[in-house]
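Quick note on my numbering: the sequence shown kicks off at 5 and runs consecutively.
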Amino acid sequence: MTRQSPGPLTIAETAWHAVPPEAALAALNARADGLAGDEAASRLAAFGPNRLEAKAGRSLIARIAGQFRDVLIHVLLVSAAISILLGHYVDAGVILGVVVINAVIGFVQEGRAEKALAAIRDMIAPRAAVLRGGVRVGVDAAELVPGDVVLIEAGDRVPADLRLLDAAGLHIDESALTGESVPVAKSITPTRPDAALADRVCMAYSGTMTTAGQARGLVVATGSTTEIGRIGRMIETVETLETPLVRQMAGFGRRLSAVILAMSALVFAVAVGLRGYAFDDAFMAVVGLAVSAIPEGLPAVMTITLAIGVQRMARRRAIVRRLPAVETLGAIGVICSDKTGTLTANEMTVRDCVLAEGRLAVEGHGYDPEGRVATEAGEDPATAAAAVLADLALAGLLCNDARLFADEEGRWRVEGDPMEAALVRLAAKAGLDPDQTRAARPRIGLIPFDSRHRWMASLHAGADDPGPLLCVKGAPEVLIGLCEAEAIGIDAGIGTRPIDRPAWEAEVAALAGRGRRVLAIAARRLTPGAGMPAAGEIGQGLVLLGLVGMIDPPRPAAVEALAAARSAGIKVKMITGDHAVTAAAIARDMGMDVTHPPATGAELDAADAETFAKLAHERQVFARVSPEHKLRLVEALQAKGAVVAMTGDGVNDAPALKRADVGVAMGNKGTEAAKQAAQMVLADDDFASIVAAIREGRTVYDNLRKVIAWTLPTNGGEAMAIVAAIILGLTLPLTAVQILWINMITAVGLGLTLAFEPTEPAAMRRPPRAADAPLVTPFLFWRIGFVSFLFVIGTFTVFHLGEARGLGLEGARTLVVNAVVSMEIFYLFAVRYMAGPSLTLTGIMGTRAVLTGIALTVAAQAAFTWWPPMNRLFQTVPLGPVEILIATGAGVALFAVIEIEKRITRLVTARH
5 MTRQSPGPLT IAETAWHAVP PEAALAALNA RADGLAGDEA ASRLAAFGPN
55 RLEAKAGRSL IARIAGQFRD VLIHVLLVSA AISILLGHYV DAGVILGVVV
105 INAVIGFVQE GRAEKALAAI RDMIAPRAAV LRGGVRVGVD AAELVPGDVV
155 LIEAGDRVPA DLRLLDAAGL HIDESALTGE SVPVAKSITP TRPDAALADR
205 VCMAYSGTMT TAGQARGLVV ATGSTTEIGR IGRMIETVET LETPLVRQMA
255 GFGRRLSAVI LAMSALVFAV AVGLRGYAFD DAFMAVVGLA VSAIPEGLPA
305 VMTITLAIGV QRMARRRAIV RRLPAVETLG AIGVICSDKT GTLTANEMTV
355 RDCVLAEGRL AVEGHGYDPE GRVATEAGED PATAAAAVLA DLALAGLLCN
405 DARLFADEEG RWRVEGDPME AALVRLAAKA GLDPDQTRAA RPRIGLIPFD
455 SRHRWMASLH AGADDPGPLL CVKGAPEVLI GLCEAEAIGI DAGIGTRPID
505 RPAWEAEVAA LAGRGRRVLA IAARRLTPGA GMPAAGEIGQ GLVLLGLVGM
555 IDPPRPAAVE ALAAARSAGI KVKMITGDHA VTAAAIARDM GMDVTHPPAT
605 GAELDAADAE TFAKLAHERQ VFARVSPEHK LRLVEALQAK GAVVAMTGDG
655 VNDAPALKRA DVGVAMGNKG TEAAKQAAQM VLADDDFASI VAAIREGRTV
705 YDNLRKVIAW TLPTNGGEAM AIVAAIILGL TLPLTAVQIL WINMITAVGL
755 GLTLAFEPTE PAAMRRPPRA ADAPLVTPFL FWRIGFVSFL FVIGTFTVFH
805 LGEARGLGLE GARTLVVNAV VSMEIFYLFA VRYMAGPSLT LTGIMGTRAV
855 LTGIALTVAA QAAFTWWPPM NRLFQTVPLG PVEILIATGA GVALFAVIEI
905 EKRITRLVTA RH
């Protein structure tokens with residue numbers, strides 16, 4: 005009889021971790037020896053292949069078209085089109101040239117297309133060992149179907165979501181999926197239906213890595229229905245928020261365009277209706293107004309300013325993948341940080357050794373070999389304690405399969421279990437050479453760790469040993485019960501006494517209460533020639549050497565960075581998949597506010613929307629959370645107006661990384677899925693680099709405001725000069741192409757230099773700016789209007805001086821262009837210090853970038869004035885020394901008036 009295949013809906017609704025193996029097999033109409041070949045083929049047709057579908061990225065044409073969406077660009081394009089119709093080809097060519105240059109810069113700077121789903125697809129194993137009709141065969145992982153029975157062993161990537169049918173010593177690294185900092189021991193015991201993802205010990209999830217043991221598992225989910233596929237769907241549906249700068253510039257562009265179009269229409273009507281301009285002359289005058297008012301160089305300068313910020317951050321080991329994220333960093337008010345690998349080094353470290361002789365503290369950081377074992381008072385251990393410590397370190401090193409080695413860059417790497425790696429490093433700090441010690445006492449017997457007995461035992465024989473040495477390590481609650489004695493120091497050797505189990509259990513509870521992961525280590529000497537005891541005889545004569553307490557400790561630099569973040573008004577929240585006790589211990593060590601206990605995933609699940617939002621804002625530590633919790637926490641903080649940075653390294657972090665205003669992935673130990681979902685990648689995985697990047701982000705924003713404060717008044721002055729000339733019936737002092745020349749050459753040569761301004765001293769002593777803070781403040785509005793008025797006065801004064809000197813129309817306009825450039829140069833010095841005096845030695849000397857920009861601008865302006873091809877293109881004539889002095893004098897006069905205005909402003913402010 006043909007078995008009925010289960011339906012997709014039934015599979016999706018089943019809590020497989022709460023179902024016994026036999027019931028899981030029955031629910032999927034499967035057998036322990038696997039599906040038959042024809043049944044597997046039938047199910048493959050019904051369920052589809054075990055892979056995630058790719059979402060098509062934007063085409064090249066769409067990416068190019070995206071560079072022309074700005075409304076200001078649309079105004080320029082319309083102006084160019086009408087200029088062509090009127091036969092003004094040079095004007096149209098210059099306008100189009102400006103548009104194309106801006107588009108090229110935007111296209112080149114655009115980040116790579118979204119690759120998070122592709123990165124997750126790469127985590128699915130390409131091949132799998134499966135039972136088909138009782139025979140082990142290798143198949144493509146894409147061919148796995150619900151009901152298949154898969155075999156996994158150490159080193160395998162889990163190819164689908166599996167309900168374990170049997171497991172022997174199985175440990176799986178689930179950190180990329182759950183945030184658990186150490187591999188999880190697996191069993192076949194069902195768990196509660198509401199168990200958190202990290203607590204489902206009878207499940208093996210697609211994309212995770214087997215570190216030890218072997219198992220047989222029933223495929224219960226494939227493709228997009230797996231846990232990793234569900235996260236992929238979340239990434240696809242998460243909306244990426246616009247950055248504050250993008251929102252502000254979009255609104256600014258719309259408002260400015262409306263003002264320019266309205267002003268252009270009014271001026272056109274005045275020119276034709278009241279001043280008798282011919283239609284084409286009136287239109288070209290309006291084009292001059294539009295191109296003078298539109299800061300066409302501003303997008304390019306702002307893009308380059310952001311790009312310079314990217315380079316500065318790269319030097320601080322922070323790699324920005326999406327350009328606007330640079331400026332957003334300056335507005336960050338909340339950092340939601342993952343614990344493992346960000347605030348901590350993701351390197352398990354023994355911190356405590358508890359012996360019958362007393363407690364010892366282990367110094368050092370992570371896997372670094374530097375450090376020693378000392379008493380809690382910082383002194384060397386007494387002789388008796390040192391003897392027991394030596395035996396404990398020896399047993400921990402021998403009953404161990406891990407290896408530590410330095411990679412090409414000098415970073416310590418682990419082969420094997422991180423907790424075993426911590427014991428290797430403890431042995432080195434206790435004075436043992438791991439390689440020599442293991443070579444001198446080769447292993448002759450082994451009982452691997454098993455979740456049923458929860459310990460590992462190994463037997464070793466050394467050439468000079470009186471008999472084989474049995475070493476055992478495991479769960480303290482099990483080993484304390486197995487041991488018959490405890491080790492004590494006698495002179496320089498080891499003695500024993502009956503074990504005091506209540507005392508040891510109290511020590512275990514104390515270590516666990518401090519967030520430590522606790523292992524017990526025991527040993528006994530066998531008679532010469534003895535072999536490995538049976539598992540049931542391990543406890544005979546076993547002596548407890550002591551306990552070791554491990555933790556993934558905070559990075560020292562992260563503790564300092566956390567303090568710096570607080571002084572800058574930035575809140576830091578720890579969001580982790582680890583246990584609440586461990587998270588609270590790390591938070592205390594880092595100086596975080598732990599007035600409120602950690603909020604757990606179960607609490608978040610039980611909370612209604614209002615309570616959830618309250619928890620998100622009140623609590624500083626969140627533990628045992630799922631990908632959905634991380635995403636909801638980010639959204640809850642953003643709903644209150646916070647600008648949020650989210651850090652993470654696992655696949656489980658990817659949805660929240662994408663949603664955050666700035667997603668920050670770990671470059672060293674992070675998954676590719678996390679890196680592709682983030683806007684920034686930390687090359688050194690260090691929380692301190694985030695704070696350094698925020699400092700750079702604030703610098704970039706300050707410099708952008710200086711660019712705007714310099715650009716808008718200069719453009720406004722040119723526009724007001726055109727309006728005044730038309731309304732008053734005066735000759736235009738500048739042509740459209742001359743205005744474009746001024747705007748482009750000074751935007752790059754002068755405006756761009758402000759991007760290189762250094763960080764202001766108080767940058768990290770002020771609170772984050774509000775997300776809705778206006779880009780153009782009331783003070784900046786005043787400055788724009790005031791300086792624009794000064795430019796108008798200067799423009800007409802110089803124009804009439806040129807006419808009075810008999811320079812003719814082209815000569816007077818050439819003089820005006822040089823005077824405007826001169827005023828922009830002197831205004832550059834004034835705007836570097838928005839409120840403070842610029843007439844100081846530091847202010848006059850400027851920076852290297854400022855001096856270089858001025859030199860390039862002067863050189864370009866010399867070509868504009870005296871090079872014949874430029875004279876023909878822009879309708880200019882060469883000027884003499886007196887005219888150059890007049891142009892320079894206009895700049896000096898502008899600088900002097902602005903410095904007087906600053907002085908008056910400071911006096912008025914001081915009085916209030």
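Think of the CB as a built atom: it goes at the ideal place given N, C-alpha and C, for glycine as much as any other residue.
Computed from a prediction, not measured in an experiment: that's the story for all the values here.
Check                                                                                                                                                                          : Outcome
Using beta-carbon positions only, say whether Arg628 and Ala202 come within less than 8 Å of one another.                                                                      : yes
Cβ of Gly667 within 8 Å of Cβ of Ala681?                                                                                                                                       : yes
So the candidates are Glu488, Gly533, Pro452, Ser462; which of them puts its Cα closest to the Cα of Arg505?                                                                   : Glu488
Is DSSP giving Gly115 helix, strand or coil here?                                                                                                                              : Because the pLDDT of Gly115 is 40, which lies under 50, any placement of that residue in the model is unreliable, and the number read from its coordinates should be weighed accordingly. If DSSP states are grouped into helix, strand and coil, Gly115 belongs with coil.
May I have the straight-line CA-CA distance separating Gly97 from Ser842, to the nearest angstrom?                                                                             : 39 Å
Does DSSP classify Met536 as helix, strand or coil?                                                                                                                            : coil
Compute the Euclidean distance between the alpha carbons of Glu875 and Val820, then round it to the nearest angstrom.                                                          : Note that residue 875 is Asn in the sequence shown here, rather than Glu. Distance between the alpha carbons of Asn875 and Val820 is about 14 Å.
Hey, out of Pro472, Gly173, Ser179, Ala45, whose CA is closest to Val655's CA?                                                                                                 : Ser179
Under 8 Å: do the segment 409-417 and the segment 529-542 share three or more Cβ pairs, one atom per stretch?                                                                  : no
Closer than 8 Å is the cut-off here; do at least three beta carbon pairs connect the segment 823-837 with the segment 895-913?                                                 : yes
Say the cut is 7 Å; is the CB of Gln252 nearer than that to a heavy atom of the ligand GTP?                                                                                    : Of ligands this structure carries none, so the ligand GTP is not represented either.
Taking its Cβ as the centre, do 16 or more other Cβ atoms sit within 10 Å of Ser571, making it buried, or is it exposed?                                                       : exposed
For the beta strand (DSSP E) that contains Glu490, what are its first and last residues?                                                                                       : 489-494
Just tell me which of Thr332, Thr892, Glu184 has its CA closest to the CA of Gly884.                                                                                           : Thr892
Is Gly337 helix, strand or coil by DSSP?                                                                                                                                       : coil
At which residues does the beta strand (DSSP E) containing Trp929 begin and terminate?                                                                                         : The first residue shown for the chain is 5 and the last is 916, placing residue 929 beyond what the model contains.
Report the option in Ala696, Leu911, Ala527 whose CA atom is closest to the CA atom of Ile339.                                                                                 : Ala696
Using the beta-carbon count (16 or more within 10 Å), is Pro717 buried or exposed?                                                                                             : buried
Report the residue from Asp706, Met670, Arg279 whose alpha carbon sits nearest the alpha carbon of Ile694.                                                                     : Met670
Tell me which residue opens and which closes the alpha helix (DSSP H) that Val796 is part of.                                                                                  : 782-808
Are the segment 478-487 and the segment 448-464 touching by the rule of at least three beta carbon pairs closer than 8 Å?                                                      : yes
Leaving aside the five residues before and after Glu511 along the sequence, list all residues of the same chain whose C-beta is less than 7 Å from its C-beta, in chain order. : Val358, Leu551
Below 8 Å on the Cβ atoms is my contact criterion, and I expect Asp165 with Gly38 to pass it. Report the Cβ-Cβ distance as a whole number of Å.                                : With 8 Å as the limit, Asp165 and Gly38 do not qualify as a contact, their Cβ atoms being about 17 Å apart.
Take Leu566 as the anchor and find which of Asp556, Pro557, Lys577 has the nearest alpha-carbon.                                                                               : Lys577
Between the Cα of Glu351 and the Cα atoms of Pro558, Ala200, Leu393, Asp342, which residue gives the shortest distance?                                                        : Pro558
With DSSP as the reference, label Lys634 as helix, strand or coil.                                                                                                             : helix
Cβ atoms of Pro470 and Ile448: under 8 Å apart, would you say?                                                                                                                 : no
The alpha helix (DSSP H) spanning Asp42 covers which residue range?                                                                                                            : 41-51
Would you report the Cα separation of Ala391 and Leu398, rounded to the nearest angstrom?                                                                                      : 11 Å
Compare the beta carbon distance of Leu515 and Asp356 with 8 Å and say whether it is the shorter of the two.                                                                   : yes
Leaving out five residues before and five after Ile730 in sequence, what residues of the same chain have Cβ atoms less than 7 Å from its Cβ?                                   : Val271, Val274, Ala275, Arg279, Ala289
Under the rule that 16 or more other beta-carbon atoms within 10 Å means buried, what is Gly115, buried or exposed?                                                            : Its pLDDT being 40, under 50, Gly115 is placed unreliably in this model, and the value from its coordinates should be taken loosely. Gly115 is exposed by the Cβ-count criterion.
By how many angstroms is the C-alpha of Val482 removed from the C-alpha of His175?                                                                                             : 18 Å
Does DSSP put Gly840 in a helix, in a strand, or in coil?                                                                                                                      : coil
What whole-angstrom Cβ distance do Gly744 and Ala725 have, given they're in contact under 8 Å?                                                                                 : Inspection of the sequence shows that residue 744 is occupied by Leu rather than by Gly. With a Cβ gap of about 15 Å, Leu744 and Ala725 do not count as contacting.
Residues in the same chain with beta-carbon distance under 8 Å from Gly573, minus the five sequence neighbours each way, listed in chain order, please.                        : Gly337, Arg770, Pro771, Pro772
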